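Chemist:
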Amino acid sequence: MSQSPSETSHAREGTRRTRGRNSSQDIALIGVFAALIAVLAFTPPIPVGNFGVPITLQTLGVAITGLVLGPWRGAAAAGLYLVLGLLGLPIFAGFVGGFGVLAGPSAGYLLAFPLTALITGLLARSVLRRGTVRWQAPLLFLAALAGSFLATHPLGILGMSINLEVSLREAFFFDIVFWPGDVIKSLVAAGAAALVHRAAPWILAMR
Amino acid sequence: MRLRRRPLRPREQVLGRRAPGDSFLHRAPAGAKVLVLALVTVVVLLLRDPLVGVAVVGLVLGLTLLARIPVLMLLVLIRRLWIVLAVLAVLQWILNDPATGTEVLARILACLLAAQLLLLTTDPVELVGVLRRVLQPLRFLGLRPGRVALAALIMLRAVPYLADSFHMGAQQARARGLERDLRARTVPLLLGAVDHARNTGRALNARGIEEA
Chain B
222 MSQSPSETSH AREGTRRTRG RNSSQDIALI GVFAALIAVL AFTPPIPVGN FGVPITLQTL
282 GVAITGLVLG PWRGAAAAGL YLVLGLLGLP IFAGFVGGFG VLAGPSAGYL LAFPLTALIT
342 GLLARSVLRR GTVRWQAPLL FLAALAGSFL ATHPLGILGM SINLEVSLRE AFFFDIVFWP
402 GDVIKSLVAA GAAALVHRAA PWILAMR
Chain L
583 MRLRRRPLRP REQVLGRRAP GDSFLHRAPA GAKVLVLALV TVVVLLLRDP LVGVAVVGLV
643 LGLTLLARIP VLMLLVLIRR LWIVLAVLAV LQWILNDPAT GTEVLARILA CLLAAQLLLL
703 TTDPVELVGV LRRVLQPLRF LGLRPGRVAL AALIMLRAVP YLADSFHMGA QQARARGLER
763 DLRARTVPLL LGAVDHARNT GRALNARGIE EA
């Protein structure tokens, strides 16, 4: 399904360069990060900052997955989360699961997740390969933001417009509500991902 | 010692929320149930008729009664989602005419309740088996269903572990007065997840397991 392109390129890479690769470790990372997205999606909105604006963490997991795992494994993890949720595991926000979510208002956002992880991961990988450590966190922040605004929001608006029978314009205004939270989440994801790459360099060293 | 102000709440259980019983719905093969659910969803999504939505809701409730599954276990879904549903109802009331609004709400409810019924009667591990079978045709693309299934099983195992770890991280953040700091609540979870993945990968390597 949606994760097939990522997995195939994965397998092709495996045959091309075998040195330094560890597929069991990759599978473990993909599975655990898919679980991470699920756990963050479960948490009820938590109040953040001095004003206590409630923020849901569903997209935070996707951003972190892309930033930490890189493009292909990140998209595979988000795709695994999406496919298992569609098959019926109650792993979407609010403990919902099954094809039923395709009828709901969040369908577009959910379907965008693998693409978001892919875009974020591609940008993050190039940042981590070339960038200096000093600029790492700010550039990762931009990578997370780019993934969110190039994939999650456009597809989310489209999904709302189709499923709620409203115009694209109205859906766009519903979507704006999520923007401030998104910026905060991207900041947190970038900081956390930079920390992980310093604490556990083996994640990308195997790439 | 001060008394605990808040009583201990049972931990929110994520997976394995199955309805008790051994009805025809429990015994039906998981693949068939997923297929029926997919067909129902497609039909409801394509027809976009309020009558179809309401009919599917009725059908799901009828099946639930027939299989002797406690109806409350099904309707718990509405209690969990009532805020979302209420917001949707208000929006539809403002933006669309009553017929469209009914159709949208009935469609969403029908699909979600049908999915909940599948979940109540199916074991998560069976769903991984279904995923594996669904992916078989993609083998010629180089996809290995066994590996995907292994990743899915690792995910099932990791969800309760990470949920516990997140819960503990939240308590630690509260103890430091940082319950509103997103970083203090997510970084321990993330580092725990990386650690868990590392250990799982090592365990798989040690046993030479690459697919399930």
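Chains as they are written, first to last, in this note's numbering: chain B, 222 to 428; chain L, 583 to 794. All residues carry an ideal CB built from backbone N, CA and C; glycine is no exception. No experiment lies behind these values; they were computed from the predicted model shown.
Does Phe538 (chain L) have its Cβ less than 7 Å from a Cβ in chain B?
Modeler: It is not possible to answer for residue 538 (chain L), since the shown part of chain L is limited to 583 through 794.
Chemist: Span of the alpha helix (DSSP H) holding Gln357 (chain B)?
Modeler: Val354 to Gly368
Chemist: Going straight from the alpha carbon of Leu250 (chain B) to that of Val636 (chain L), what length do you get?
Modeler: For Leu250 (chain B) and Val636 (chain L), the gap between their C-alpha atoms comes out near 42 Å.
Chemist: Please list the residues of the segment 243-255 of chain B that have a C-beta atom closer than 9 Å to any C-beta atom in chain L, keeping them in chain order.
Modeler: Asn243, Ser244, Ser245, Gln246, Asp247, Ile248, Ala249, Leu250, Ile251, Gly252, Val253, Phe254 and Ala255
Chemist: Counting contacts by CB-CB distance shorter than 7 Å, is Ala415 (chain B) in contact with chain L?
Modeler: Look at Ala415 (chain B): its C-beta is not under 7 Å from any C-beta on chain L.
Chemist: Could you name the residues that DSSP lists as bridge partners for Val634 (chain L)?
Modeler: In DSSP, Val634 (chain L) forms no bridge with anything.
Chemist: Would you give the residue range spanned by the alpha helix (DSSP H) that Ile383 (chain B) belongs to?
Modeler: Ile383 (chain B): member of the alpha helix (DSSP H) spanning His374 to Asn384, first to last residue.
Chemist: How should Ala410 (chain B) be labelled, buried or exposed, when 16 other C-beta atoms within 10 angstroms of its C-beta is the threshold for buried?
Modeler: buried
Chemist: What is the residue span of the alpha helix (DSSP H) that Gly287 (chain B) lies within?
Modeler: Gln279 to Leu290
Chemist: Does DSSP put Phe399 (chain B) in a helix, a strand or coil?
Modeler: coil
Chemist: When you check each C-beta in the segment 662-673 of chain L against every C-beta of chain B, which residues fall closer than 8 Å?
Modeler: Arg662, Leu663, Val666, Leu670 and Leu673
Chemist: Determine the chain B residues that contact Val686 (chain L) at a beta-carbon separation under 8 Å, and present them in chain order.
Modeler: Asn384, Leu385 and Glu386
Chemist: Counting only the same chain and skipping the five closest in sequence on each side, list residues whose C-beta sits under 7 Å from that of Arg715 (chain L).
Modeler: Gly613
Chemist: Am I right that Ala755 (chain L) and Asp763 (chain L) are in contact with their C-beta atoms under 8 Å? What's the rounded C-beta distance?
Modeler: 6 Å
Chemist: With 7 Å as the threshold, decide whether the Cβ of Leu713 (chain L) is near any Cβ in chain B.
Modeler: With 7 Å as the cut-off, Leu713 (chain L) counts as an interface residue toward chain B.
Chemist: Report the partner residues of Val317 (chain B) according to the DSSP bridge assignment.
Modeler: DSSP, once it has assigned bridges, lists B:Phe313 as partnering Val317 (chain B).
Chemist: DSSP three-state call for Ala612 (chain L): helix, strand or coil?
Modeler: Ala612 (chain L): helix per DSSP, three-state reduction.
Chemist: On the three-state DSSP scale, how would you describe Asn787 (chain L)?
Modeler: helix
Chemist: Identify the contact partners of Arg765 (chain L) in chain C, using a Cβ-Cβ distance below 8 Å as the criterion.
Modeler: Going by chain labels, chain C is absent from the structure shown, which instead holds the protein chains B and L.
Chemist: Please tell me whether Phe362 (chain B) has its Cβ less than 7 Å away from any Cβ of chain L.
Modeler: Taking Cβ atoms only, chain L never reaches closer than 7 Å to Phe362 (chain B), which makes this a no.
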